[in-house]
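Undergrad: Protein chains in written order, with this note's numbering: chain A, 1 to 255; chain B, 256 to 510. The beta-carbon is built from N, C-alpha and C at its ideal position, and this holds for glycine as well.
There are 2 protein chains.
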Amino acid sequence: MPADVEIVALDGIPEIASGDDLGTILGDAIERTAGLPPLREDDVLVVTQKIVSKAENAIVDLTTIEPRVEAVRFAERWDRDPRQIEVVLREARRVIRMERGVLITETPHGFICANGGVDASNVGPESGQVVTLLPRDPDASARAIREAIRSRFDVDVPVIVSDSFGRPWRWGIVDVAIGVSGLEPIEDLRGTPDADGRVMKSTIRASADEIASAAELALGKIGRRPAAVVRGAHPRLGEGSIADVLMPRKFDLFP
Amino acid sequence: MPADVEIVALDGIPEIASGDDLGTILGDAIERTAGLPPLREDDVLVVTQKIVSKAENAIVDLTTIEPRVEAVRFAERWDRDPRQIEVVLREARRVIRMERGVLITETPHGFICANGGVDASNVGPESGQVVTLLPRDPDASARAIREAIRSRFDVDVPVIVSDSFGRPWRWGIVDVAIGVSGLEPIEDLRGTPDADGRVMKSTIRASADEIASAAELALGKIGRRPAAVVRGAHPRLGEGSIADVLMPRKFDLFP
């Protein structure tokens with residue numbers, strides 16, 4: 001099938017541990033993935049947050065955490081782990097909502113999401129005792145992977161670090177971009193003629209988020225693989241930052 | 256490339272007019288699209304809202320609209336078309352935000368989105384004088400297309416009607432599902448073991464939204480094509496409704 005867009009999940013990425021060289025591991029996986037043709041500059045490599053956080057040791061051992069009274073009360077009322085609530089509050093730049101068992105905060109990066117991206121599931125043998133934090137600088141994480149791929153394969157492939165976020169008003173999570181290197185995560189098509197030749201007024205497309213969601217479809221649900229190559233999405237190449245995806249404060253109607 | 260997920264935009268869909276038989280037109284496009292192999296039951300057909308609305312005559316001629324005072328004031332202040340504002344307000348079940356030039360309403364379907372899905376761009380030769388509304392019953396729209404495809408090709412392919420929505424806190428639009436037939440738009444993976452064998456607590460994935468976003472990557476930006484086949488996404492088949500995607504009121508922290 002001569003598809004417009006093709007997505008291939010990478011095979012054989014092992015359990016990632018603190019200090020692992022993710023660039024090398026991803027390069028090995030690219031070589032190992034059966035039938036994946038040579039990388040091209042119109043590919044995008046999507047890497048999920050969990051393995052980036054683990055490699056960067058963005059992990060907190062919950063047994064070391066002493067929750068504050070507020071965290072204990074919220075956790076007791078809503079059947080949650082008070083130590084995880086404590087970690088979320090410590091990481092938060094501000095709390096957007098803390099009610100009905102849901103804690104939505106603004107992270108140091110400016111993301112507004114449930115639990116500030118602090119995640120308990122799927123963190124390896126210590127499951128239940130450790131949580132992952134978001135990478136400190138996800139653009140830098142993406143850039144390091146991009147450099148490693150470029151030096152090994154001599155092709156400059158944009159990289160997206162992705163994570164699963166909920167959304168107001170719509171049920172369920174979708175994968176979005178939380179770090180980018182080598183592409184513009186937002187494509188401003190304002191002033192571009194549409195199919196009728198009419199100038200579009202406000203088409204600002206969050207392409208990196210769409211690519212992250214598309215990659216998730218290949219990564220699967222159970223025994224999920226943590227990285228995929230997306231070919232044919234044709235993002236706008238450039239030195240964009242995930243900060244470009246943050247709603248400018250003056251347009252934020254939901255502070 | 257033996258891709259996990261493949262997306263093919265359909266070729267040669269003509270300008271759609273009121274009353275057009277979209278099922279037949281899409282079937283013709285499927286036959287016409289070079290190299291698209293026979294449809295399979297693990298395909299999903301994604302059709303963008305604009306052509307569905309046009310075929311169903313969910314269109315308003317702005318020259319017939321007399322805007323209320325509130326619409327005129329808002330439009331003058333923010334350089335918008337008062338007649339479009341009037342149409343949005345008439346369609347709205349409630350107004351969520353109406354400030355800084357942005358009008359966010361709840362549609363009769365329960366979607367919360369900018370301009371209630373009323374859209375001025377790309378509506379053919381009458382551009383600027385007509386707007387499209389969302390289909391009255393997008394699940395029914397999807398079902399009718401699914402039936403037409405099934406009777407013509409003898410294969411039952413789930414259908415998603417998609418539209419572009421903004422999101423709080425994140426800049427830019429992404430495509431999401433606004434109508435479904437033949438799949439569950441939300442996959443509740445709670446209680447499913449994750450890759451570590453640990454039971455995941457709260458993975459409820461909005462698969463239909465991810466499939467809609469993935470399709471958009473193939474539909475392109477300029478001269479965009481209005482429908483695509485997504486193969487390999489493996490949505491959960493079933494008789495779901497887009498109502499399943501609406502945040503249950505008791506969990507809505509942003510009323």
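Can you tell me whether B:P481 is buried or exposed, with buried defined as 16 or more other CB within 10 angstroms of its CB?
TA: buried
Undergrad: How would you list, in chain order, the residues of chain B whose beta-carbon sits under 9 Å from the beta-carbon of A:P82?
TA: In chain order: nothing, as chain B lies at least about 15 Å away.
Undergrad: What I want to know is whether the C-beta of B:A403 ends up closer than 8 Å to one or more non-hydrogen atoms of the ligand NAP.
TA: Ligands are entirely absent from the displayed structure, and the ligand NAP is therefore not among its contents.
Undergrad: What residue range does the beta strand (DSSP E) around A:R150 cover?
TA: Element bounds for A:R150: not the beta strand (DSSP E) but the alpha helix (DSSP H), P138 to F153.
Undergrad: Let me know the secondary structure DSSP gives A:E86 once reduced to three states.
TA: helix
Undergrad: Checking contacts by CB at 9 Å: is A:K54 closer than that to chain B?
TA: no
Undergrad: Taking A:S213 as the query, report the chain B residues whose CB atoms sit under 8 Å from its CB, ordered along the chain.
TA: In chain order: V429, D464, E465, S468 and A469.
Undergrad: Looking only at C-alpha atoms, which of B:D283, B:V327, B:G372 and B:R491 sits nearest to B:A347?
TA: B:G372
Undergrad: From what residue to what residue does the alpha helix (DSSP H) around A:R170 run?
TA: Per DSSP, A:R170 is not a residue of any alpha helix (DSSP H); the beta strand (DSSP E) it occupies stretches across R170 to S181.
Undergrad: What are the boundary residues of the beta strand (DSSP E) that B:V485 is part of?
TA: A482 to R486
Undergrad: Can you tell me the Cβ-Cβ gap for A:A303 and A:V44, rounded? I've got them flagged as a contact below 8 Å.
TA: With chain A covering only 1 through 255, there is no way to say anything about residue 303 of chain A.
Undergrad: Where do the N-terminal and C-terminal ends of the beta strand (DSSP E) with B:G365 fall, by residue?
TA: For B:G365, no beta strand (DSSP E) run applies, since DSSP gives it neither H nor E.
Undergrad: Against chain B, with Cβ distances strictly below 9 Å, would A:P2 count as a contact?
TA: yes
Undergrad: Assuming A:L10 and A:A58 form a contact by the criterion Cβ under 8 Å, report the distance between their Cβ atoms to the nearest whole angstrom.
TA: Rounded, the Cβ-Cβ distance is 21 Å, inconsistent with contact.
Undergrad: Which value, in whole angstroms, describes the spacing of the CA atoms of B:E442 and A:D175?
TA: 14 Å
Undergrad: Thinking C-beta only, is B:P510 closer than 9 Å to A:L253?
TA: no
Undergrad: Which residues in chain B have a C-beta closer than 8 Å to the C-beta of A:V102? List them in chain order.
TA: F506 and L508
Undergrad: Is there a C-beta anywhere in chain B that falls below 9 Å from the one on A:V245?
TA: yes
Undergrad: Is it right to say B:R355 is buried, meaning 16 or more other beta carbons lie within 10 angstroms of its own, or is it exposed?
TA: exposed
Undergrad: Can you name, in chain order, every residue of its own chain whose Cβ lies under 8 Å from the Cβ of A:R94, other than the five neighbours on each side?
TA: T105 and E106
Undergrad: Check distances from the C-beta atoms of the region 276-307 of chain B to those of chain A and list, in chain order, the residues that come in under 9 Å.
TA: A289, G290, L291 and P292
Undergrad: When you compare the CB of B:L472 with every CB in chain A, is at least one pair closer than 9 Å?
TA: yes
Undergrad: Would you identify the three-state DSSP class for A:F165, choosing helix, strand or coil?
TA: strand
Undergrad: Among B:V302, B:E311, B:I320 and B:M353, whose alpha-carbon lies nearest the alpha-carbon of B:I433?
TA: B:V302
Undergrad: A:L134 by DSSP, collapsed to three states: which one?
TA: coil
Undergrad: Taking the alpha helix (DSSP H) that A:E210 falls in, what are its first and last residues?
TA: S207 to L219
Undergrad: Taking A:G23 and A:I145 to be in contact with their CB atoms under 8 Å, please state how far apart those CB atoms are, rounded to whole angstroms.
TA: 5 Å
Undergrad: Could you name the residues of the same chain whose beta carbon sits closer than 7 Å to that of B:A467, not counting the 5 residues immediately before and after it, in chain order?
TA: V301, I415, S417, D430, V431 and A432
Undergrad: Quick one: what's A:I204 bridged to in DSSP?
TA: A:D188
Undergrad: Just to confirm before moving on: does the CB-CB distance between B:A403 and B:D276 stay below 9 Å?
TA: yes
Undergrad: From A:A71 to A:V230, what distance separates their C-alpha atoms?
TA: One Cα belongs to A:A71, the other to A:V230, and the distance between them is close to 40 Å.
Undergrad: Give me the Cα-Cα distance between B:A397 and B:S436, rounded to the nearest whole angstrom.
TA: 5 Å
Undergrad: Taking C-alpha atoms, which residue in B:M502, B:R425 and B:L444 lies nearest to A:D244?
TA: B:R425
Undergrad: State buried or exposed for A:R40, treating a residue as buried only when at least 16 other CB atoms are found within 10 Å of its CB.
TA: exposed
Undergrad: Using the C-alpha atoms, what's the distance from A:R249 back to B:G427?
TA: Cα-Cα distance, rounded: 14 Å.
Undergrad: In the DSSP assignment, the beta strand (DSSP E) including A:I96 goes from what residue to what residue?
TA: R94 to E99
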